[in-house]
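Plus 13 on top of the position in the sequence shown (first one is 1) and you've got the numbering used here.
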Amino acid sequence: MSAVKKHQPMSTYCLVKKRSESLPLHADPLCDKIDIEDLGEDENLVFVKFFKCYRCYDLIPVSAKLVVFDTQLLVKKAFFALVHNGVRAAPLWDSATQSFVGMLTITDFINILRTYYKSPFVQMEELEEHKLETWRNVLKERSRPLVSISPDASLLDAIKALIQNKVHRLPVIDAATGNVLYVITHKRILKFLFLYYHELPHPSYMNSTLGELQIGTYDKIATVKTSTPVISALNEFVDRRVSALPVVDDSGKVVDIYAKFDVINLAAEKTYNNLDVTVKKALEHRDQYFEGVLKCTLDETFAAILQRIVKAEVHRLVVVNNEDHVIGMISLSDILSYLVLRYTGLYSFFMLNF
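Printed below as a string of structure tokens:
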């Protein structure tokens, strides 16, 4: 299906696929040959220069599935569609204004559950009956304008937009048609970097340890136990503004992780009417094989940590000590901030306002 034009009415639920014909090649061939000598006296600018060379369009696969929702769609159907298509978020189309007005994310699902959940014995009729438009009106005070980017913008600009606006998804919108072409994420950007990573010169800080660089969060890390009720975990996600909660046993040892993405399984299993169940019970509904918590330690090099997080295709690593106790978290956002913003003079500004 080709992308829907801005002036055409959009169905409540559609898939948009990018065609392979007439794909512009924005990438500068020189970007493949960045030498330390080209960087002057500062080798730390290698990744800054790399991301500045490439455009957002360069990230878009030849064939990409994009789920788009009309704001008239029922909330319940929208989240079932996310589950069915294996995606974490979708752009929202407003037929009245003929424009994209926001993103539907798992955080929205969590906020809906928190707002309307009363007890296992009271059905959440709002989730069954509300349209996305109704829910957006309820959340008006918390909602913000859609943050998007042009396909011709650099990946450096995309990274700045993601981190400055504290978002995890950045729609690429064609200004001429108003179509969403793709949704950029931290994960996709780092995956793209690794297509060229081994050919690029590596700054000396890549051989420094995590303890030396102190990348990530190490203060008051939010955790839950296997016995923690799901509703309490949802409150932690929102109140602490985190995307994952390490699950620890009574001794404080990390045994699992409960991420925002796991919450979507409540929709898949239609078990969202009982949020008093434990995190352990909720994690039994994982729809994929769980290989264990992805961890790292302070004495590992940044290069090793970067390769592990990209290869595992996860969004964060749990930093542990010798006893496997949680001492920190390092996310994709933390990594991109260090690789790029630290050497553009914006790192301190963004971190202070994060």
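Backbone N, C-alpha and C define an ideal beta-carbon position, used for all residues, glycine too. From a predicted model like this one, the values you see are computed outputs, not experimental measurements.
Neighbourhood of residue i by C-beta distance below 8 angstroms, restricted to the same chain and skipping five residues each side
{"i": "L43", "result": "Caution applies to L43, whose pLDDT of 46 falls short of 50 and renders its modelled position unreliable; the value that the coordinates give is listed next. C66."}
{"i": "E249", "result": "A235, V237, V255, L258"}
Whole-angstrom distance between residue j and residue i, CA atom to CA atom
{"i": "T284", "j": "L140", "result": "12 angstroms"}
{"i": "A171", "j": "Y356", "result": "16 angstroms"}
{"i": "D312", "j": "G224", "result": "6 angstroms"}
{"i": "R299", "j": "I125", "result": "21 angstroms"}
{"i": "Q85", "j": "V151", "result": "15 angstroms"}
{"i": "P242", "j": "A174", "result": "35 angstroms"}
{"i": "T73", "j": "I244", "result": "What sits at residue 73 in the sequence shown is Ile, not Thr. Approximately 37 angstroms, taken between the alpha carbons."}
{"i": "R127", "j": "K233", "result": "23 angstroms"}
{"i": "V260", "j": "V290", "result": "15 angstroms"}
{"i": "L206", "j": "K144", "result": "39 angstroms"}
{"i": "A77", "j": "D337", "result": "39 angstroms"}
{"i": "Y195", "j": "V75", "result": "11 angstroms"}
{"i": "T190", "j": "W106", "result": "14 angstroms"}
{"i": "R101", "j": "D187", "result": "22 angstroms"}
{"i": "L279", "j": "E146", "result": "22 angstroms"}
Assigned exposure category for residue i - 16 Cβ within 10 Å defines buried
{"i": "S132", "result": "exposed"}
{"i": "F113", "result": "buried"}
{"i": "G99", "result": "exposed"}
{"i": "Y351", "result": "buried"}
{"i": "T120", "result": "buried"}
{"i": "G305", "result": "exposed"}
{"i": "F367", "result": "Here the model assigns F367 a pLDDT of 45, short of 50, so the residue's position is not dependable and the matter cannot be decided."}
{"i": "D83", "result": "buried"}
Own chain residues within Cβ distance below 7 angstroms of residue i, not counting five before or after
{"i": "A246", "result": "V237, L258, Y271, V292"}
{"i": "L38", "result": "The predicted model places L38 with a pLDDT of 44, which falls under 50 and marks its position as unreliable; any figure quoted below should be read in that light. Closer than 7 angstroms at Cβ, skipping near neighbours: no residue."}
{"i": "Q136", "result": "N286"}
Distance CB(residue i)-CB(residue j) smaller than 8 angstroms
{"i": "V88", "j": "A103", "result": "no"}
{"i": "F64", "j": "L208", "result": "no"}
{"i": "V61", "j": "V323", "result": "no"}
{"i": "V331", "j": "V268", "result": "no"}
{"i": "L296", "j": "A325", "result": "no"}
{"i": "Y218", "j": "I340", "result": "no"}
{"i": "M116", "j": "P184", "result": "yes"}
{"i": "I123", "j": "G229", "result": "no"}
Own chain residues within Cβ distance below 6 angstroms of residue i, not counting five before or after
{"i": "H328", "result": "L345"}
{"i": "I348", "result": "none"}
Enumerate, from N- to C-terminal direction, the unbroken beta strand (DSSP E) stretches of 3 or more residues contained entirely within the region 67-118.
Taken in chain order, the whole beta strand (DSSP E) runs of length 3 or more contained in the region 67-118 are 78-83, 102-107, 112-118.
Could I get the ranges of all uninterrupted alpha helix (DSSP H) runs contained in the region 286-326, with 4 residues as the minimum, in chain order?
You should have 292-296, 315-325.
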